[in-house]
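Residue numbers (the working numbering), protein chains in the order written: chain E, 151 to 284; chain C, 11 to 473.
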């Protein structure tokens, strides 16, 4: 779900458990960045991040994924979280190189902010709110 | 002053702006900034203020140099995002006659948009020279003239820059993007002097009625973002050990005199220098394009840099607070330095007038040239507003633009636009911003800046 913010752009993400929440957040980030082209087999990268609590882990996780885009023009197609525990993630990421012919840029997401960042465990599952700098 | 606030919050605004300001979180953010350790006098906000993250956009906060903190969030991600204004020997009529050709040529030769790469490819050694020397590196390489440097805030270089404080990621990102405009609200605008309010100051700045002008708005690109990201994460993690309690992690900070504080200040200076070199190269490319399009040489073009200001920065400055001189770290996040007449940091030709201040508006309305004042020195740590400030979110702007041709609407007003991003034009349309004339009127009437001239756009290049 998109959140309106005067200067920036935010999302609210849901998952049945913490694994699905972090998976959905990563995929939502790339859904904001590009309109995906036709599915293609990508290269697998191993990513490992740590945080000081669940929100900090969310910031660190999305920051690591965003660096693939902003630093290397790499898009994330699929995420397979292998390990998630307080407060670390290890995941295999299926990556594609950005191709301007097939991938249409939607938003230039420039940073993951801590502003209003939360990760909550609720009755029906886990939720997170994240504001991006655009 | 409430709760954990150490100093009061002071907001400069017109009566008609107050309702909008109250509805946003910006007020709460002014209060949050007032809780920072070592903050001096007040948490200030300019009339272009809007909801940022951590600090409000349009915020100014000075912290004691010895006992206060420095906050990457108080500078922002785009370190030394700033504005450069150049005057020309051409007139409004000259531009209007060739506006389409000029727009096309500028769009072709000034790299812009998401992920654009620049004309200058740096190796590791050259990049370190950019980071330590800023504008003067660019001029040494043939991108501009010595007199451009004289008319740049801090002569286009913060001397404390230390490239060893940057991560490999920041350095990698910096190597590809020098000489690029960027995306979002960054732009190149060719306009003209529509109205002069202060003839003496306009003369000193080399501005005359109907003269063609160029405004550049850009920053430190991915390198600056990476610096902010790296140090924000580090400070968030170290704050519990430092014993700081702050209401928002985006306000993460470190004592200026701590290892983390010193390293951030030196890394931020590298990004600031990168941004000045970037705008220097962009101005040089603009001069080349003008010469090609108008078939004239540099003397006839006479494109002189009026000034270059940064509006996302933290600076070590000395100000008089409660009658005594204090060294402070002034955070300006979406705020512009506004030194008054006589300040020793100003170039000799401007010193009797005060520092030029460049306040760009939206792409369909106007921009203002103003000067700094003694009242700004007394009240706002020599600071003023930085632009119009958004009033619509990007999503709301796109919704408001649905079914309309913003490009045609601007063309009907005599403004030719070229842009790169699919939704850029809708997101950046004039209605998405506050009325720049109201913002300029507030700082003028408050006495923290004085109007010199109003510029109107004719050609706009957006990333």
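Positions of the beta carbon are idealized from the N, C-alpha and C atoms, including for glycine. Computed from a predicted model, the values in this text were never measured in an experiment.
Counted within 10 angstroms of its Cβ, other Cβ atoms place residue 169/C as buried (16 or more) or exposed: Indexing the second chain from 1 puts residue 169/C at position 159. The residue is exposed, with fewer than 16 neighbouring Cβ atoms inside 10 Å.
Min CB distance residue 158/E to chain C below 8 Å: As a working mapping, residue 158/E is identified with position 8 in the first chain. Yes, because at least one Cβ of chain C sits closer than 8 Å to the Cβ of residue 158/E.
Interface partners of residue 124/C on chain E, CB under 7 Å: Residue 124/C sits at position 114 when you count from the first residue of the second chain. Those within 7 Å of residue 124/C in chain E are 255, 258.
Extent of the continuous beta strand (DSSP E) run through residue 199/C: Position 189 of the second chain, counted from the first residue, corresponds to residue 199/C. 197-206 is the extent of the beta strand (DSSP E) around residue 199/C.
Opposing strand residues paired with residue 245/E [DSSP bridges]: Locating residue 245/E in the first chain gives position 95, counting from the first residue. Answer is 193/E, 226/E, bridged to residue 245/E.
Residue 450/C to residue 466/C span [Cα, whole Å]: Within the second chain, the letter at position 440 stands for residue 450/C. Within the second chain, the letter at position 456 stands for residue 466/C. Approximately 14 Å between the Cα atoms of the pair.
Residue closest to residue 448/C, alpha-carbon to alpha-carbon, out of 370/C, 251/C, 239/C: Locating residue 448/C in the second chain gives position 438, counting from the first residue. Comparing Cα-Cα distances from residue 448/C to each of 370/C, 251/C, 239/C, the minimum goes to 370/C.
Own chain residues within Cβ distance below 8 Å of residue 242/C, not counting five before or after: Mapped onto the second chain, residue 242/C falls at position 232. So the list reads 82, 83, 260, 262, once near-sequence residues are dropped.
Residues, ordered as in the chain, of the segment 80-93 of chain C that lie near chain E by beta-carbon distance below 9 Å: 83, 86, 87, 88
For residue 26/C, the first and last residue of its enclosing alpha helix (DSSP H): Translated into the one-based positions of the second chain, residue 26/C becomes position 16. Run containing residue 26/C: 25-33, per the alpha helix (DSSP H) assignment.
Alpha helix (DSSP H) segment containing residue 167/C, residue limits: For this step, residue 167/C is matched to residue 157 along the second chain. Residue 167/C -> no alpha helix (DSSP H), and no H or E assigned at all.
Beta bridge counterpart(s) of residue 73/C as assigned by DSSP: Counted from its first residue, the second chain places residue 73/C at position 63. For residue 73/C, which the question treats as bridged, DSSP gives the partners 49/C, 339/C.
Bridge partners - residue 152/E, DSSP secondary structure assignment: Start at 1 with the first residue of the first chain, and residue 152/E comes out as number 2. For residue 152/E, which the question treats as bridged, DSSP gives the partners 161/E.
Assigned secondary structure, residue 283/E (DSSP; H/G/I helix, E/B strand, else coil): Position 133 of the first chain, counted from the start, is the residue given in the question as residue 283/E. If DSSP states are grouped into helix, strand and coil, residue 283/E belongs with the strands.
Residues near residue 175/C by beta carbon distance below 6 Å, same chain, minus five either side: Position 165 of the second chain holds residue 175/C. Counting only Cβ-Cβ distances below 6 Å, and skipping sequence neighbours, we find 273, 276, 277.
Start and end residues, beta strand (DSSP E) containing residue 317/C: Residue mapping note: residue 317/C aligns to position 307 of the second chain, counting from 1. It spans 314-320 - the beta strand (DSSP E) in which residue 317/C sits, taken as one unbroken run.
Contacting positions in the segment 188-206 of chain E - beta carbon closer than 9 Å to chain C: 201, 202, 205, 206
Distance between residue 464/C and residue 315/C (C-alpha atoms, nearest Å): On the second chain, residue 315/C is found 305 positions in, with the first residue counted as 1. On the second chain, residue 464/C is found 454 positions in, with the first residue counted as 1. Those two C-alpha atoms are separated by around 17 Å.
Residue 202/E: first and last residue of the uninterrupted alpha helix (DSSP H) it sits in: For the purposes of this step, residue 202/E is taken as the residue at position 52 of the first chain. Segment: none, residue 202/E is in no alpha helix (DSSP H) and carries neither H nor E.
Short Cβ contact (8 Å threshold) for residue 349/C with residue 356/C: Translated into the one-based positions of the second chain, residue 349/C becomes position 339. Translated into the one-based positions of the second chain, residue 356/C becomes position 346. Result yes, Cβ atoms of residue 349/C and residue 356/C sit closer than 8 Å.
Where residue 346/C falls, given that 16 or more other Cβ within 10 Å makes a residue buried: Taking the second chain and counting its residues from 1, the one referred to as residue 346/C is at position 336. The residue is buried, with at least 16 neighbouring Cβ atoms inside 10 Å.
Status (buried if at least 16 other CB within 10 Å, exposed otherwise) for residue 468/C: The sequence position of residue 468/C within the second chain is 458, counting from 1. With 16 or more other Cβ atoms within 10 Å, it is buried.
Residue 164/C versus 185/C, 215/C, 318/C, residue with shortest Cα-Cα distance: As a working mapping, residue 164/C is identified with position 154 in the second chain. The shortest Cα separation from residue 164/C among 185/C, 215/C, 318/C belongs to 318/C.
Between the CA atoms of residue 435/C and residue 196/C - distance to the nearest angstrom: Here residue 196/C is taken as the residue at index 186 of the second chain, counted from 1. Here residue 435/C is taken as the residue at index 425 of the second chain, counted from 1. Cα to Cα, residue 196/C sits roughly 12 Å from residue 435/C.
Below-8 Å beta-carbon distance, residue 163/E vs any chain C residue: Within the first chain, residue 163/E is the residue found at index 13, counting from 1. Not one chain C Cβ lies under 8 Å of residue 163/E.
Cβ shell of residue 440/C (< 6 Å), same chain only, five flanking positions each side left out: Here the question's residue 440/C lines up with position 430 in the second chain. Hits under 6 Å: 372, 374, 375.
Contact residues within the segment 245-273 of chain C, judged by C-beta distance below 9 Å to chain E: 246, 247, 250, 258, 259, 260, 261, 262
Coil, strand or helix - residue 249/C by DSSP: If you number the second chain from 1, residue 249/C lands on position 239. DSSP places residue 249/C in helix when its eight states are reduced to three.
Same chain only: Cβ atoms within 6 Å of residue 234/C, ignoring 5 sequence neighbours per side: Here the question's residue 234/C lines up with position 224 in the second chain. Excluding positions up to five away in sequence, the list reads 88, 89, 281.
Residue 474/C at chain E interface by Cβ criterion, 8 Å: In this structure chain C extends from 11 to 473, so residue 474/C is not present and cannot be described.
Cα-Cα separation between residue 219/E and residue 242/E, rounded to whole angstroms: Within the first chain, the letter at position 69 stands for residue 219/E. Within the first chain, the letter at position 92 stands for residue 242/E. Approximately 16 Å between the Cα atoms of the pair.
Closer than 8 Å to chain C by CB, residue 241/E: Counting from one through the first chain, the residue named residue 241/E turns up at place 91. No, its Cβ sits nowhere closer than 8 Å to a Cβ of chain C.
Residue-level contact to chain C via CB, residue 152/E, 8 Å cutoff: Residue numbering aside, residue 152/E sits at position 2 when the first chain is read from its first letter. Answer yes: the Cβ-Cβ gap between residue 152/E and chain C drops below 8 Å somewhere.
Minimum C-alpha distance to residue 60/C - residue among 226/C, 200/C, 68/C: As a working mapping, residue 60/C is identified with position 50 in the second chain. It is 68/C whose Cα lies nearest to the Cα of residue 60/C.
Residues that DSSP places opposite residue 254/E in a beta bridge: Here residue 254/E refers to the residue found at position 104 when the first chain is read from its first residue. The partner list for residue 254/E (beta bridge, DSSP) reads 185/E.
Nearest candidate by alpha-carbon position, reference residue 327/C, set 289/C, 255/C, 50/C, 133/C: For this step, residue 327/C is matched to residue 317 along the second chain. Nearest of 289/C, 255/C, 50/C, 133/C to residue 327/C, Cα basis: 50/C.
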